Amino acid sequence: MECSEEGKTTLGTFVLREEANVWWKNAKMRLGPGGMAIPWEMFKREFLVKYFPVDVKNKKVV
31 MECSEEGKTT
41 LGTFVLREEA
51 NVWWKNAKMR
61 LGPGGMAIPW
71 EMFKREFLVK
81 YFPVDVKNKK
91 VV
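If you're matching positions, the sequence shown starts at 31 in this note's numbering and goes up one per residue.
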């Protein structure tokens with residue numbers, strides 16, 4: 031099955047959006063009853079743990 035470059039972009043965006051939605055839903059449950067009003071630093075920490083693993087971070091530093 032072939033897919034145009036535009037189609038690949040659309041599909042990739044959809045997949046990432048859905049993955050991000052699932053991640054955010056689970057992150058909110060782990061973070062507690064603050065709902066969506068969490069400090070930026072807490073959100074950033076959770077986001078980086080999920081999408082910027084330590085091994086990648088270490089490679090970037092070197």
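No residue lacks a Cβ here, since even glycine has one placed at the ideal position from N, Cα and C. Note that the structure is a prediction, hence the values are computed from the model and not measured.
Check	Outcome
Can you tell me whether DSSP reads Phe82 as helix, strand or coil?	coil
Within a Cβ cutoff of 6 Å, which residues of the same chain sit near Trp53, ignoring the five residues on either side of it in sequence?	Lys80
For Glu49, does the three-state DSSP call read helix, strand or coil?	helix
Under 7 Å between the Cβ atoms of Ala57 and Glu71?	no
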